[in-house]
Amino acid sequence: MAGLSLEQLRPNHLPEPVGLWPPAIGWWLLAAVVLIALGSLVLYVYRRWQNNRYRTRALQLARAALNHYQQHQNPRQLAHECNELLKRVALHTFPKERVAGLSGVAWSEFLATTGDLPQFIGHSAFNNDRYNPNAPLNVDDIYELTRRWIKKHHA
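Quick note: to get our numbering, add 177 to the position in the sequence shown (first position is 1).
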């Protein structure tokens, strides 16, 4: 061996480059975590959409009540329609025992509390004053409060 010169040695050879496939276990774990997170997000969005679908329908019905008002120009009828709609939404969302018997001041206080909208308290359209032909009713206010409660109420 002492007689070999450097010229007689084989040249250095590099190992084969590392391939992209199959990936290492860390990449498999990362892919699994990403897929689980993505699936959970899709499921969350779907369930949230399902749970709030009634709100979308209620907002459509509120808009229909306003359109109906523009034809008949009767603010008391709009107040009745909006109260009926709010009662239907409340019965869908809250326990029947808590909502079904509410009327007058108790009803407007319930709306104010559950929607974080103190404007309902004492509002003539949302208590028994709506039956009084001399009670002032503001159509824009009735519609806007109805819309805001449908969007904001919480059980």
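Virtual Cβ for every residue (Gly too), placed ideally from N, Cα, C. The model shown is predicted, which means the values in this text are computed figures rather than measured ones.
Whole-Å CB distance - residue i paired with residue j, under 8 angstroms assumed
i, j, result
"residue 285", "residue 297", "5 angstroms"
"residue 195", "residue 231", "About 56 angstroms; that fails the 8 angstroms criterion."
"residue 307", "residue 253", "6 angstroms"
CB of residue i within 8 angstroms of CB of residue j, strictly
i, j, result
"residue 327", "residue 239", "yes"
"residue 322", "residue 294", "yes"
"residue 316", "residue 221", "no"
"residue 255", "residue 288", "no"
Euclidean distance between Cα positions of residue i and residue j
i, j, result
"residue 276", "residue 291", "11 angstroms"
"residue 207", "residue 223", "24 angstroms"
"residue 250", "residue 331", "32 angstroms"
"residue 197", "residue 214", "24 angstroms"
"residue 313", "residue 319", "11 angstroms"
"residue 202", "residue 186", "39 angstroms"
"residue 281", "residue 227", "32 angstroms"
"residue 225", "residue 212", "20 angstroms"
"residue 268", "residue 229", "15 angstroms"
"residue 329", "residue 210", "34 angstroms"
"residue 217", "residue 204", "20 angstroms"
"residue 188", "residue 219", "57 angstroms"
"residue 244", "residue 283", "28 angstroms"
"residue 192", "residue 182", "25 angstroms"
"residue 237", "residue 199", "53 angstroms"
Within-8 angstroms CB hit, residue i to chain D
i, result
"residue 258", "The question asks about chain D, but that chain is absent: this structure has only one protein chain."
Three-pair Cβ contact test at 8 angstroms for the segment 248 to 260 versus the segment 300 to 311
The way I'd put it, the segment 248 to 260 does touch the segment 300 to 311; three or more beta-carbon pairs between them come closer than 8 angstroms.
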